[in-house]
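Counted from 1, the sequence shown has number 119 at position 133 by this note's numbering; the numbering is strictly sequential.
All C-beta atoms in this analysis are idealised placements derived from N, C-alpha and C, irrespective of residue type, glycine included.
Computed from a predicted model, the values in this text were never measured in an experiment.
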Amino acid sequence: MEKMLEKFGVMPVVVLENAEDALPLAEALIKGGLPCAEVTFRTAAAEESIRKMAENFPEMLVGAGTVLTTEQADCAVRAGAKFIVSPGFDPEIVDYCIERKIPVFPGCITPSEAAQAVKRGLKVVKFFPAEQFGGVSTIKALAAPYTMLKFMPTGGVSAKNLKEYLSCDKILCCGGSWMVKGDLIKAGEFDKICEMTREAAALVKEIRGRD
């Protein structure tokens, strides 16, 4: 999975108010060149949205974000989520996922949290909210003693600063919502989402020099 995330470079972070938007959104992301999504558990539609995406587009890497309880993790995995993301480091959720061999990316913004991740054998962690906590400079500082960790910064990442993030070898990929904004989804502007996704995918290739 790490290789897939590195190849994608950007993980669309999605908030869906209506599960009926899940399929056209998934199709737009796939056509745009980013067949992946972190569907956040901020709405009641999250579980059903993950199920729809996972069942109809098995080639897509779909995970659950903003997972705050083990119950949510269970619901997400049953619905077809391939990975779990939490905004902070919750030992209960992390241990629960590790015991069940569910890929989990907990939020780590301090040395103490990074130490807990390393202690559990994790190789990839989330860094949230990225911009508010110092962005790339903080990630580099954290990565210095914890050389085995790679980071997935989310929060304030956009097309404007993506190059700064992806140019750092300690960053696996970035979580971003600029191509899947709520107002675009609500307005049914999936062609626009596809276009912005395509631009993001092209930017990743330009930055990392990969096909």
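Local Cβ density within 10 Å of residue i, reported as buried at 16 or more and exposed below that
i	result
Ala173	exposed
Asp7	buried
Ala65	buried
Met39	buried
Glu41	exposed
Ala5	buried
Pro139	buried
Ala130	exposed
Gly195	exposed
Limits of the alpha helix (DSSP H) - the one that residue i falls within
i	result
Val190	Phe176 to Arg194
Lys17	Ala8 to Lys17
Val104	Pro97 to Lys105
Phe(-6)	Glu(-12) to Phe(-6)
Spatial distance of residue i from residue j (CA atoms)
i	j	result
Gly19	Leu128	31 Å
Trp164	Arg86	33 Å
Val(-1)	Lys105	28 Å
Glu150	Glu57	36 Å
Ser35	Leu9	8 Å
Leu207	Met134	With the chain covering only -13 through 197, there is no way to say anything about residue 207.
Ala145	Cys160	11 Å
Asp155	Ala30	36 Å
Thr183	Lys126	27 Å
Ala67	Lys191	26 Å
Ser98	Pro89	21 Å
Leu152	Arg37	30 Å
Reference residue i, options the options, closest by Cα
i	options	result
Ile95	Phe137, Arg106, Gln58 and Ile84	Phe137
Lys167	Leu158, Leu15 and Lys(-11)	Leu15
Glu45	Met(-13), Ser123 and Ile88	Met(-13)
Glu13	Ala188, Leu189, Glu175 and Val190	Glu175
Glu181	Lys(-11), Leu(-9), Met(-10) and Lys17	Lys17
Gly121	Lys109, Ala103, Pro131 and Gly142	Gly142
Cys61	Thr183, Lys(-11), Pro139 and Ala32	Ala32
N-terminal and C-terminal residue of the beta strand (DSSP E) that residue i is part of
i	result
Cys160	Cys160 to Gly162
Gly51	Leu47 to Gly51
Cys22	Cys22 to Thr26
8 Å Cβ cutoff met for residue i and residue j
i	j	result
Val111	Ala101	no
Leu148	Ile179	no
Phe114	Pro73	yes
Phe119	Phe91	no
Val(-4)	Ala116	no
Cys22	Leu47	yes
Arg28	Thr52	yes
Ala50	Val25	yes
Leu108	Glu(-8)	no
C-beta neighbour in chain D for residue i, strict 8 Å
i	result
Gln102	Considering every chain present, this structure includes no chain D. It has just one protein chain.
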